[in-house]
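*Asks:* Those protein sequence lines, which keep their order, are chains A and B.
Quick note on numbering: my numbering labels position 123 of the first sequence as 144, and the sequence is numbered without any gaps.
Quick note on numbering: my numbering labels position 113 of the second sequence as 134, and the sequence is numbered without any gaps.
Protein chains: 2
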Amino acid sequence: MTPPILYDFELSGNCYKVRVFASMINLGLVLQNVEVLKGETRTEEFARLNPWQQIPVLRDGDFVVQDSQAILTYPALKYTPQWIDTTPMGMGAIVEWLSYAAKEVSNGPQLSRLKFLDPHEDIDLVRAQAIGLKVLRLLDNSLASRDWLCLGRPTIADIAVYPYVGLCRQGKLPLDGYPHIHPWLA
Amino acid sequence: MTPPILYDFELSGNCYKVRVFASMINLGLVLQNVEVLKGETRTEEFARLNPWQQIPVLRDGDFVVQDSQAILTYPALKYTPQWIDTTPMGMGAIVEWLSYAAKEVSNGPQLSRLKFLDPHEDIDLVRAQAIGLKVLRLLDNSLASRDWLCLGRPTIADIAVYPYVGLCRQGKLPLDGYPHIHPWLA
Chain A
22 MTPPILYDFE LSGNCYKVRV FASMINLGLV LQNVEVLKGE TRTEEFARLN PWQQIPVLRD
82 GDFVVQDSQA ILTYPALKYT PQWIDTTPMG MGAIVEWLSY AAKEVSNGPQ LSRLKFLDPH
142 EDIDLVRAQA IGLKVLRLLD NSLASRDWLC LGRPTIADIA VYPYVGLCRQ GKLPLDGYPH
202 IHPWLA
Chain B
22 MTPPILYDFE LSGNCYKVRV FASMINLGLV LQNVEVLKGE TRTEEFARLN PWQQIPVLRD
82 GDFVVQDSQA ILTYPALKYT PQWIDTTPMG MGAIVEWLSY AAKEVSNGPQ LSRLKFLDPH
142 EDIDLVRAQA IGLKVLRLLD NSLASRDWLC LGRPTIADIA VYPYVGLCRQ GKLPLDGYPH
202 IHPWLA
């Protein structure tokens, strides 16, 4: 079996979440490095692979999927259904967190970090950090009464949310004062 | 059977997508109006229902789910599986578009419209409209070769993306020049 190809950039938390999940479920990946900071997602060739010109992208034979939440969904359903749940309530709960990862976690912790990695990025840092603080507070509240984000067990919801939370110090969002986030990250 | 309760606000495109999907699949809903502009999502009572203090929220018996993408997922799986797909490739493709609805469509067309509905909102209109233009261009390209966003048939991916695209004139994003978006909206 030819392993899937992950179009990858090491510094990206969205790529990291795919790599870490693949490692946890023993899924071999061929990593194809894309030098984002050198403009390699902005080429016509890359646009043919992914019109949104974003990483990560996963290619498995003829099937191509982009967006880190979707990329987690695909191998989870294919190889490790214990990491996902296709019941109406189970998938509803997981998609709730996948949307949260795509929107709030991206607009808050991810953009805050990106502004410090690349100060030329057109990012409203005050706004991103305000969203980041709200994400941390609500996440800490959620984890006060449970070990995992949903369904009482680890799922792709946890994998989707945690990288930019774990990296949020790089966006000058300290994790002190959020006692329930630490054991979950660990 | 007691119908699910939708915590709803008429002007919200995210609530609209849930109402329209429920109507398409003949799912009765009890609409509970939440006066967002009067601060009714910012009360402690509402925070107990949804800590993120956003609408829409769906309550079906003891099950509570927030986020419009997750709310579409739940009744689709429960009542109308033809609107969703739980195969690895099918769900991967759908989640790709759900994330797109949660992030790009929200950051672009949705925020542009909101700024014109409520000029006091702290929104960078130039940035939101730039994202909006990119969303429209890429969506038009995607729809040039197909009738539906994925899987060759209507799914919750279409329902998740279309309201803020259909409403984007209200964010001063004209739909002229996107010939493939019109038949899809219709």
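Ideal Cβ placement from N, Cα and C applies to all residues, glycine included.
Going by DSSP in three states, Q74(B) sits in which element: helix, strand or coil?
*Replies:* Coil at Q74(B), not helix or strand.
*Asks:* Closest Cβ-Cβ distance between K136(A) and chain B: below 8 Å?
*Replies:* No, because no Cβ of chain B sits closer than 8 Å to the Cβ of K136(A).
*Asks:* Which residue wins for smallest C-alpha separation from M110(A), given the options V78(B), A91(B), P109(B) and L48(B)?
*Replies:* It is A91(B) whose Cα lies nearest to the Cα of M110(A).
*Asks:* Can you grab the Cα-Cα spacing for the pair H201(A) / A123(A), in whole Å?
*Replies:* Taking the straight line joining both Cα atoms gives about 22 Å.
*Asks:* Any idea what DSSP makes of D81(A), helix, strand or coil?
*Replies:* The answer is strand: DSSP assigns D81(A) an E or B state.
*Asks:* Can you list, in chain order, the residues of its chain with a C-beta nearer than 6 Å to that of W169(A)? Leave out the 5 residues immediately preceding and following it.
*Replies:* Here the set comprises P175 and D179.
*Asks:* Got a sec: which bits of the segment 76 to 107 of chain B sit with their beta carbon under 9 Å from any beta carbon on chain A, in order along the chain?
*Replies:* The segment 76 to 107 of chain B vs chain A, Cβ under 9 Å: L79, D81, F84, V86, Q87, D88, S89, Q90, A91, I92, L93, T94, Y95, P96, A97, L98, K99, Y100, I105 and T107.
*Asks:* Using alpha carbons as the reference points, say which of C189(A), L98(A) and T107(A) lies closest to F137(A).
*Replies:* Checked all of C189(A), L98(A) and T107(A); the closest Cα to F137(A) is C189(A).
*Asks:* Mapping the DSSP letters down to three states, classify N47(A) as helix, strand or coil.
*Replies:* Here N47(A) sits in coil by DSSP.
*Asks:* What span of residues does the beta strand (DSSP E) with L188(A) cover, start to end?
*Replies:* Neither: L188(A) is in no beta strand (DSSP E) and is coded neither H nor E.
*Asks:* Could you check whether the Cβ of A114(A) sits closer than 8 Å to any Cβ belonging to chain E?
*Replies:* No chain E appears in the structure shown, which is made up of the protein chains A and B.
*Asks:* Please work out which residues of its chain come closer than 7 Å, Cβ to Cβ, to G153(A), disregarding the five sequence neighbours upstream and downstream, and give them in chain order.
*Replies:* Cβ within range, chain order: G129, P130, S133, C189, G192 and L194.
*Asks:* Using a Cβ cut-off of 8 Å (strictly closer), state whether W73(B) contacts chain A.
*Replies:* So, interface residue.
*Asks:* Evaluate contact between the segment 26 to 40 of chain B and the segment 54 to 62 of chain B, counting only Cβ atoms and requiring at least three cross-stretch pairs below 8 Å.
*Replies:* Cβ pair count under 8 Å is three or more, so yes.
*Asks:* Does any residue of chain A bring its CB to less than 8 Å from the CB of D145(B)?
*Replies:* At least one chain A Cβ lies under 8 Å of D145(B).
*Asks:* Going by beta carbon distance, what residues of the same chain come within less than 7 Å of I144(B), once the five residues before and after it are set aside?
*Replies:* Contacts found: L132, L135 and K136.
*Asks:* Taking only beta-carbon positions, decide if N35(B) is within less than 8 Å of chain A.
*Replies:* Not an interface residue.
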